[in-house]
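Residue numbers (the UniProt record's numbering): 1 to 225.
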Ligand SMILES: C[S@@+](CC[C@H](N)C(=O)[O-])C[C@H]1O[C@@H](n2cnc3c(N)ncnc32)[C@H](O)[C@@H]1O
C-alpha cells in the first residue's frame, strides 16, 4: 500500500476527477460541506478564506453563500478539478469565489493573506503534510485558524451507521461505499498526531477532535500565534 501511495500523484488526475465529482454531489457529501461551512461561520464573519484541495469546489460555494462578505479562494493541484469547480461556480452564479490551480506545497499567495484556511478530505493526499501545513501557516494571518477535516479510518461503525441513517441511506450500501473510500482516503488519529508532533511543524497551538459533529471525521484546529 505504501509503495503504491509513493507512485500515485498527489492530486486526483482525470478521469478520477469525474468520479470524485459525482460522489461529491451525493446527499451525505453535500450535507457534510454544509456542516463544515456552518463551522466556518462560527470562526469568521468576513474576510479572505482559503480552501486547500478544494476538489469540485462545493465547500467554497456553501461558504460564499453563508458569508456573502467574504472572498473565498479554492485551490487544487489538479487542472481538471479546477475546471470542474469553475464550472460549478458559474452554474451557481457565485460572485465572491475564485478557483486557482495551485500546489499547496508552494502557494503563490503572500504571507498573512487569509483570515481562515479550511481543508476537507485532502490531508491524506499530502506527501509531505508538514510542508503543506507550514505553507498554510505562512499564508494565514496571526491570531487566525486553519480547520482541517479528513475521513477517520478508525471511526466506530456505529457513528457511520447513524450518520448514514440521518442522511436516508441504506446501511448496507453506505457501508460498502465507506469501506471502498476509507481504504485509501482516510487517516488515523495516530497519523495526525505524528504529523503535528514533527519538529518542523510551525503550529505550536493545535487540537484534534475525532468524530467531529458525529461524522466519521477527524478535525484538526490549528491556531497561528
Ligand atoms: C478527496 S479530494 C477532496 C476534495 C474536496 N475538498 C472535498 O472535500 O470534496 C482531495 C483533493 O485534494 C487535492 N490535492 C491533493 N494534494 C494537493 C496539493 N498538494 N495541492 C493542492 N491540492 C491538492 C486533490 O487534487 C483533490 O482534489
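C-beta: ideal position from N, C-alpha, C; glycine also. Predicted model, so just to flag it, every value in this text is computed and none were measured.
For a cut-off of 8 Å, the C-beta gap from residue 139 to residue 107 is around 6 Å, short enough to register as a contact.
Relative to ligand 1, the beta carbon of residue 102 is positioned inside 7 Å of a heavy atom.
Counting the other CB atoms within 10 Å of its CB gives residue 66 a total below 16, which places it among the exposed residues. Between residue 151 and residue 181 the beta-carbon gap is near 7 Å, inside 8 Å, which marks them as a contact.
Contact between the region 208-221 and the region 186-196 is established, with three or more Cβ pairs separated by less than 8 Å.
Taken from the Cβ of residue 152, every heavy atom of ligand 1 lies 7 Å or farther away. DSSP places residue 205 in the strand class (E or B) of the three-state scheme. For residue 179, the shortest separation between its Cβ and any heavy atom of ligand 1 does not lie below 7 Å. Shown here, residue 32 sits in a helix according to DSSP, grouped into three states.
Within the same chain, 59, 60, 74, 118 come within 6 Å of residue 51 by CB-CB distance, once the 5 residues on both sides are set aside. Inter-residue distance for residue 90 and residue 199 is about 42 Å (C-alpha atoms, whole angstroms).
For residue 210 and residue 154, the gap between their C-alpha atoms comes out near 9 Å. Residue 173 and residue 27 have their alpha carbons spaced roughly 14 Å apart. Residue 152 carries a strand assignment under DSSP once its states are collapsed to helix, strand and coil. Relative to ligand 1, the beta carbon of residue 10 is positioned inside 7 Å of a heavy atom. Annotation: residue 68 to residue 96 spans about 7 Å, alpha carbon to alpha carbon. A distance below 8 Å separates the beta carbons of residue 82 and residue 99. By the neighbour-count criterion, in which a residue is buried when 16 or more other Cβ atoms sit within 10 angstroms of its Cβ, residue 163 is buried. At least 8 Å separates the beta-carbon of residue 104 from that of residue 130. Judged by DSSP secondary structure, residue 176 falls within the alpha helix (DSSP H) whose first and last residues are 171-184.
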